[in-house]
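Here the working numbering is used: the first residue of the sequence shown is 1, the next is one more, and so on. From the three backbone atoms N, C-alpha and C, an ideal C-beta is built for every residue, glycine too. Please read all numbers here as calculations on a predicted model, not as lab measurements. For reference, the structure discussed in these notes is given below.
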Amino acid sequence: MAGGFISSAGNPMKEYPGRLTPFVLMACIVAAMGGLIFGYDIGISGGVTSMAPFLKKFFPSVYRKEEGDTSTNQYCKFDSQILTMFTSSLYLAALVASILASWITRKLGRKASMLAGGVVFLGGAAINGAAGNVAMLIVGRILLGIGIGFANQSVPLYLSEMAPYRYRGALNIGFQLSITIGILAANLVNYFTAKIEGGWGWRVSLAGAAVPALIITIGSLFLPNTPNSMIERNQAEKAREMLRRIRGTKDVNHEFNDLVAASEASRKVEHPWRNLLERKYRPHLTMAILIPFFQQLTGINVVMFYAPVLFQTIGFGSNASLMSAVITGLVNAAATIVSIYGSDKWGRRSLFLEGGAQMLISQIMVTILIALQFGLDGQATDIPQWYAILVVAFICLYVAAYAWSWGPLGWLVPSEIFPLEIRSAAQSINVSVNMLFTFAVAQVFLPMLCHLKFGLFVFFACFVVAMTIFVYFFVPETKNIPIEEMSRVWKQHWYWAKFIPDQDLNRSLEMANGAGKQPSTATAP
Ligand SMILES: OC[C@H]1O[C@](O)(CO)[C@@H](O)[C@@H]1O
1 MAGGFISSAG
11 NPMKEYPGRL
21 TPFVLMACIV
31 AAMGGLIFGY
41 DIGISGGVTS
51 MAPFLKKFFP
61 SVYRKEEGDT
71 STNQYCKFDS
81 QILTMFTSSL
91 YLAALVASIL
101 ASWITRKLGR
111 KASMLAGGVV
121 FLGGAAINGA
131 AGNVAMLIVG
141 RILLGIGIGF
151 ANQSVPLYLS
161 EMAPYRYRGA
171 LNIGFQLSIT
181 IGILAANLVN
191 YFTAKIEGGW
201 GWRVSLAGAA
211 VPALIITIGS
221 LFLPNTPNSM
231 IERNQAEKAR
241 EMLRRIRGTK
251 DVNHEFNDLV
261 AASEASRKVE
271 HPWRNLLERK
281 YRPHLTMAIL
291 IPFFQQLTGI
301 NVVMFYAPVL
311 FQTIGFGSNA
321 SLMSAVITGL
331 VNAAATIVSI
341 YGSDKWGRRS
351 LFLEGGAQML
361 ISQIMVTILI
371 ALQFGLDGQA
381 TDIPQWYAIL
391 VVAFICLYVA
401 AYAWSWGPLG
411 WLVPSEIFPL
421 EIRSAAQSIN
431 VSVNMLFTFA
441 VAQVFLPMLC
451 HLKFGLFVFF
461 ACFVVAMTIF
471 VYFFVPETKN
481 IPIEEMSRVW
491 KQHWYWAKFI
501 PDQDLNRSLE
511 MANGAGKQPS
521 TATAP
């Protein structure tokens, strides 16, 4: 088999004793709920900005334009820059905040960042729900963005560090599952608040963000810190106790010693940001940039942000469109559960590759169906119902493929491949790149739809081809590998091996020998 991954002998290189204790399971469930705030916001904005009373109050010119629009070109109907700027500004705030969060996560612990994220997001929800003018709306959105930046930076790291390595995939994906549940909840909230008489339903939608904010704020107060982070902050004995508690055994010496060794290596690094540029971190840096970049270039947020708009474009009425958005939201959450089951069983690569192929086929089918119906000039005709349902079905297939591949793996893989000394900084890069391209896609989608027409989906399909090839050749399999053992995965990779110095491998060899296990040093083809 071509491609880079550990040898197909592929046994876990090392085994730590311990099991999935109820304590660690609860901690991971609570922490994963940090994804709710992000998801809620993704799902709520599109619906709110399509509510007439909201537009009339804050963006009257947009409202007049939409009302007065008599053109029949379906592709350009919703193109409004101010409105997209309002929606996507949040992602710029999150981008900056995740860099700040890196410092807090490293110096004060993962839990501190989660708490900070929850509190700030709560403030944003309150201001937005009470907003009387555009300035308040924007301040509120900036606070929401800061909260999201903090949570997204710390939660995936927290989960990957707490989880026993055999369940790391499943537990980490709890974060993405929460994101999808947040999106679905927001879609449902919008569906009902849009019907509230008196035109204040949007306030309920925006203030509703306080619910997920309270969950993560209160939850994080009760969470323990991760042993890795305790050791990093000179609390070795507390860390050993915590490790015993979360692994459900007294026999944690091997794992503990490995964490201490990783932490000692980490301590020698004074400038994690500058360090990231060193040659030996080239594979990590590449993944920290390309994985979130490709994740967003799947085009998923075209569907998440604009599903109601998209469905109206293909001829659904307003109510049916909101309902179809609920359906894609359901598919999104349900399919994420597949990856919770499969990531530790079938591996990350199989999910990436299958997901890529399925997304590609669905995108091509949607393109063909829309092209046949609207042609180049985007003239609306009466679309038969079965035809519209077919389009929705392919969009659901696309969403499902994303939801068990790039959606969860875009958080899981980066959070498990970085060595401790650069983990926090590299995770910030991952979040920042993710936010930057979420922003960019949100910002350019409507003008792109207007200009590229049905070709829009071809644009994203090209990226799906590129990312699938990238995974095939360059992303190693990381299932069932202890997190502080990853350097050997790179050392066994056909391409990345040359970047990893031998002494780094020796470090993990020593660790492995200390654990009484002789690791395999064979290099994969
Ligand atoms: O579930 C879809 C959502 O998941 C994300 O990729 C985050 O992982 C978002 O960008 C997207 O809106």
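Is Gly149 closer than 8 angstroms to Ala94 when the C-beta atoms are compared?
yes
Only counting the same chain, and skipping five residues up and downstream in sequence, which positions put a Cβ closer than 8 angstroms to that of Arg279?
Phe499
Residues in the same chain with beta-carbon distance under 8 angstroms from Arg141, minus the five sequence neighbours each way, listed in chain order, please.
If we look at Arg141 and ignore the five residues flanking it on each side, its Cβ neighbours are Phe86, Ser89, Leu90, Ala93, Gly124, Asn128.
In three-state terms, what does DSSP make of Glu354?
helix
What's the C-alpha gap between Leu310 and Tyr387?
Roughly 14 angstroms separates the two Cα atoms.
Suppose the cutoff is 6 angstroms on Cβ atoms and the five residues either side in sequence are ignored; what does the same chain contact list for Ser229 look like?
Gly109, Arg110
Please state whether the Cβ-Cβ distance between Trp404 and Ser339 is less than 8 angstroms.
yes
Using C-beta distances below 6 angstroms, list every residue in its chain close to Ala116, excluding the 5 sequence neighbours before and after it, in chain order.
Phe150
Roughly how many angstroms lie between the CA atoms of Leu223 and Ala163, to the nearest whole one?
Roughly 14 angstroms between the two C-alpha positions.
Between which two residues does the alpha helix (DSSP H) holding Leu452 run?
420-452
Using a Cβ-Cβ cutoff of less than 7 angstroms, which residues in the same chain neighbour Met242 once the five nearest sequence positions on both sides are dropped?
Pro224, Pro227, Met230
Compute the Euclidean distance between the alpha carbons of Gln358 and Gln312, then round it to the nearest angstrom.
25 angstroms
Once you ignore the five residues that flank Leu322 on each side, which residues in its own chain have a CB closer than 6 angstroms to its CB?
Tyr191, Pro308
When you compare only the Cα positions, how much space is there between Arg203 and Leu55?
12 angstroms
Measuring only the C-alpha atoms, how far is Phe23 from Leu83?
The alpha-carbon atoms of Phe23 and Leu83 are separated by roughly 44 angstroms.
Assuming contact is defined by CB atoms lying nearer than 8 angstroms, are Ile183 and Gly39 in contact in what I supplied?
Yes; because the gap between Cβ atoms is below 8 angstroms, this pair is in contact.
Spell out a yes or no on whether the stretch 326-339 and the stretch 358-372 are touching, meaning 3 or more CB-CB pairs, one atom from each, closer than 8 angstroms.
no
If you drop the 5 nearest sequence neighbours on each side, which residues of the same chain put their C-beta closer than 6 angstroms to that of Ser98?
Once the five neighbours on either side are set aside, the close Cβ partners of Ser98 are Gly149, Gln153, Ser428, Val431, Ser432.
Please classify Ser50 as buried or exposed, where buried requires at least 16 other C-beta atoms within 10 Å of its C-beta.
Burial of Ser50 is indicated by the presence of at least 16 other C-beta atoms within 10 angstroms of its C-beta.
Can you find a heavy atom of ligand 1 that lies under 7 angstroms from the Cβ of Thr84?
no
Considering just the uninterrupted stretch of the alpha helix (DSSP H) at Glu232, what are its terminal residues?
227-232
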